[in-house]
Structures are given as C-alpha cells and as structure tokens.
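Working notes for the structure below.
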Amino acid sequence: MSLKNVINKDNIPCHIAIIMDGNGRWAIKRGNSRILGHKAGAISVRKVVEASLEIGVKYLTLYTFSTENWERPKIEITAIMALLEATINSEIEDLKKNNVKLLTIGDSAPLPINVMEKINYAINATSENTGLTLILALSYGAKQDIANAMRLIGKDVEKGIFSISNISIDTFGKYLSTANLPDPELLIRTGGEYRISNFLLWEIAYSELYFTETLWPDFDKEDFYKAILNYQKRERRYGKTSNQLTKMKNII
Ligand code: IPE
Ligand code: IPE
Ligand code: MG
0 MSLKNVINKD NIPCHIAIIM DGNGRWAIKR GNSRILGHKA GAISVRKVVE ASLEIGVKYL
60 TLYTFSTENW ERPKIEITAI MALLEATINS EIEDLKKNNV KLLTIGDSAP LPINVMEKIN
120 YAINATSENT GLTLILALSY GAKQDIANAM RLIGKDVEKG IFSISNISID TFGKYLSTAN
180 LPDPELLIRT GGEYRISNFL LWEIAYSELY FTETLWPDFD KEDFYKAILN YQKRERRYGK
240 TSNQLTKMKN II
C-alpha cells in the first residue's frame, strides 16, 4: 500500500523545500560520469512534482543550482545548464496541463542566455496557473539574497520612501526573492549531508528539517510521502510548552 493513503490530508505542508543532493555520488557508484547522475535526478524532480500535485502541496521549492555550484568544473556546469534547458523544453506542456506555475529565485545574471530565455518563456506560459507553484532556486544563495535585500532597503531609505524605523521581520521579508511565498513548513535534504548549504536561511527559521541518506536519483514518491508522514508526527511548539498547545487545541 502506498504511504499516500496513510498521510493526513488535513495536515499537508503548504510549502516544501528540497535540497536535492547526491546526484554525483549516485552516478560514480555505478561507474558513470556525474552528469548521468544529474540526468537521473531530473526524473526524481518529475516524480516529486507529480506527488505534490496528487496530495495538494501548494508550493515546492527545489534547490537546483547554488551560487557556490558555479565553482564546479566547467564541463559539469555546462552539462547541468544544457540539462536544465532540455528538461524545461520537454516538461513545459505538462506543466501547463497540470496547472503548475513556474517561478525562479536567485541571481539570473550568470545564467547562459538560452537557459534564461527558456525559463522566462516557461514562467510566462504558466503564469496564469493556480495549482502547484514550482520554484527553482537557480544560481541561488541565501546570504546573497539577504545582502541584496539590505541593498534594496538602503536604496528605498535613500529615496525617502522607506524609514529605517519601519524595518521589521515582515518588511524585511518583502525585500527577499521569496517575498510572495509562505515560509516552508518542511525542508528535506537527500544525500546524507546534514547541512543547509546556503539555502533559504531566513525562510527556514521555523521549518521542520528532514534528512535522508537516500541519494536524490533514488528518491521517489514513497520517500516523499515518508518525509511528510514524519513531519506530521512532529509537534510544532514555536517556543511554547506541549501543555500550552494541548490546552489551545481543546479550546478550538
Ligand atoms: C546535487 O547533487 C545537484 C547539484 C548540486 C547541482 P551533487 O552534484 O551535489 O551530488 P553529490 O553530492 O556530489 O553526490
Ligand atoms: C547543495 O548541494 C546545492 C544543491 C543541491 C543545488 P551541494 O552538493 O552543492 O552542497 P555541499 O557542497 O554539499 O554543501
Ligand atoms: Mg552534493
């Protein structure tokens, strides 16, 4: 039986973020080049998007390429960019059909022009969709995003349209690239590393973290449901005591 039937449909995380790690090791273990691992990883992306649609996740953010990944060998970067373009090309019709709205976060400036054009085309073509919002974190770094938000605030203060005394958690968040997105309730990292690698630092302040040894190309729908089930067993206390939460529940 699929774990999908065990999940509580009333407690599906609205926003799930994933650090899709382990493509390279998956391929090397099989005696292949790392590039093949990225190709296999693209199939896992499709599975997780499908699963999100099936259970009604509203936002799915996928760490696709970090600012630090630009330091990888040129041959790997070129292959990842080509794969990205090819994947968007082959998936765009299904994204449209399945009511998926595509967005990106990150610094698009260093991306190859053809990749940028393809992505912009897909973003425009899916902009009216209202089902799942799929956010690709591409050339993304959370510290860079925070520094950029600070620069934007500084500019608005200089122009006199924003006052320093108005900087709050909410107004700061409006200057991040994730401004219009709710914070993720659940962050999943595959590939057995226990770190955040400069992903969504501000936004995951109170996310539930789920780490699995499974390498990204092996991650399938059941693994995804397993992570959600694990999330559903947790008590999100936000600094309160367990007793306080039980009392609040009884009042409601
Ligand atoms: C994640 O897999 C994909 C990207 C970072 C683009 P990796 O390529 O980091 O795979 P490992 O961690 O080396 O196995
Ligand atoms: C994080 O994985 C970036 C993506 C999944 C896109 P990395 O493999 O680049 O992270 P580190 O090097 O293990 O921190
Ligand atoms: Mg890695």
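Numbering-wise (numbering that gives the first Met the number 0), the sequence shown opens with residue 0 and increments by one. The C-beta atom is built at its ideal place from N, Cα and C for all residues, glycine as well. Note that the structure is predicted; figures quoted are calculated from it, not measured.
Review point. Between residue 12 and residue 127, is the Cβ-Cβ spacing less than 7 Å?
Key: Along the sequence shown, one-based indexing puts residue 12 at 13. Along the sequence shown, one-based indexing puts residue 127 at 128. Taking 7 Å as the Cβ cut-off, residue 12 and residue 127 do not qualify as a contacting pair.
Check your understanding: Going by beta carbon distance, what residues of the same chain come within less than 6 Å of residue 3, once the five residues before and after it are set aside?
Key -> By 1-based counting over the sequence shown, the position of residue 3 is 4. Taken in chain order, the residues that qualify are 224.
Exercise for review: Would you check if the segment 59-78 and the segment 137-145 touch, i.e. whether three or more CB-CB distances between them fall below 8 Å?
Suggested key: Note that the segment 137-145 touches the segment 59-78; at least 3 beta-carbon pairs, one per stretch, sit closer than 8 Å.
Point to revise | Closest residue to residue 91 among 106, 108 and 117 (Cα-Cα distance) | key: Residue numbering aside, residue 91 sits at position 92 when the sequence shown is read from its first letter. It is 117.
Review point. Helix, strand or coil: how does DSSP classify residue 211 here?
Key: By 1-based counting over the sequence shown, the position of residue 211 is 212. Coil, per DSSP.
Review point. Taking the DSSP output, what are the residues bridged to residue 17?
Key: One-based indexing of the sequence shown puts residue 17 at position 18. DSSP lists 61 and 187 as partners of residue 17.
Review point. Pairing CB atoms from the segment 185-193 with CB atoms from the segment 98-109, are three or more of them under 8 Å?
Key: No, they do not touch.
Practice item. Taking 7 Å as the cut-off, decide whether the C-beta atoms of residue 61 and residue 51 are in contact. Key: Numbered from its first residue, the sequence shown carries residue 61 at position 62. Numbered from its first residue, the sequence shown carries residue 51 at position 52. At the C-beta level, residue 61 and residue 51 stay beyond 7 Å of one another.
Practice item. Could you tell me the boundaries of the alpha helix (DSSP H) in which residue 3 lies? Key: Counted from its first residue, the sequence shown places residue 3 at position 4. Where residue 3 is concerned, there is no enclosing alpha helix (DSSP H), given that its DSSP letter is neither H nor E.
Check your understanding: Under 7 Å between the Cβ atoms of residue 86 and residue 41?
Key -> Position 87 of the sequence shown, counted from the start, is the residue given in the question as residue 86. Position 42 of the sequence shown, counted from the start, is the residue given in the question as residue 41. Pairing residue 86 with residue 41 gives a Cβ-Cβ distance under 7 Å.
Point to revise | residue 10 to residue 231 span [Cα, whole Å] | key: Stepping through the sequence shown from its first residue, residue 10 is reached at position 11. Stepping through the sequence shown from its first residue, residue 231 is reached at position 232. Residue 10 and residue 231: Cα-Cα distance of roughly 7 Å.
Practice item. Below 8 Å on the Cβ atoms is my guess for residue 25 versus residue 16; work out the distance and round it to an integer in Å. Key: Taking the first residue of the sequence shown as 1, we reach residue 25 at position 26. Taking the first residue of the sequence shown as 1, we reach residue 16 at position 17. In this structure residue 25 is not in contact with residue 16, their Cβ atoms being roughly 21 Å apart against a cut-off of 8 Å.
Review point. Whose CB is closer than 5 Å to a heavy atom of ligand 1? List the residues in chain order.
Key: This selection yields 20, 21, 22, 23 and 24.
Review point. Taking the alpha-carbon positions, what's the residue 205 to residue 227 distance?
Key: Here residue 205 corresponds to residue number 206 of the sequence shown, with the count starting at 1. Here residue 227 corresponds to residue number 228 of the sequence shown, with the count starting at 1. Each residue's Cα considered, the two are about 16 Å apart.
Practice item. Keeping to the same chain, check which residues put their C-beta closer than 8 Å to that of residue 29; ignore five residues upstream and five downstream. Key: Reading the sequence shown from its first residue, position 30 is the one you call residue 29. Setting aside the 5 residues that flank it on each side, residue 29 is surrounded in the same chain by 35, each with a C-beta closer than 8 Å to its C-beta; the list follows chain order.
Check your understanding: In the segment 94-126, which residue ranges form an unbroken beta strand (DSSP E) of at least 3 residues, counting only runs that do not cross its ends?
Key -> Taking only runs of at least 3 residues, the beta strand (DSSP E) segments lying wholly in the segment 94-126 are 100-104.
Check your understanding: Just to check, is the beta-carbon of residue 62 closer than 6 Å to a non-hydrogen atom of ligand 2?
Key -> Taking the sequence shown and counting its residues from 1, one reaches residue 62 at position 63. Ligand 2 has a heavy atom closer than 6 Å to the beta-carbon of residue 62.
Check your understanding: Distance, Cα to Cα, residue 20 vs residue 162?
Key -> Your numbering for residue 20 matches position 21 in the sequence shown. Your numbering for residue 162 matches position 163 in the sequence shown. Residue 20 and residue 162: Cα-Cα distance of roughly 41 Å.
Point to revise | C-beta contact flag for residue 43 and residue 215 at 7 Å | key: Here residue 43 corresponds to residue number 44 of the sequence shown, with the count starting at 1. Here residue 215 corresponds to residue number 216 of the sequence shown, with the count starting at 1. Taking a C-beta distance under 7 Å as the contact criterion, residue 43 and residue 215 qualify as a contact pair.
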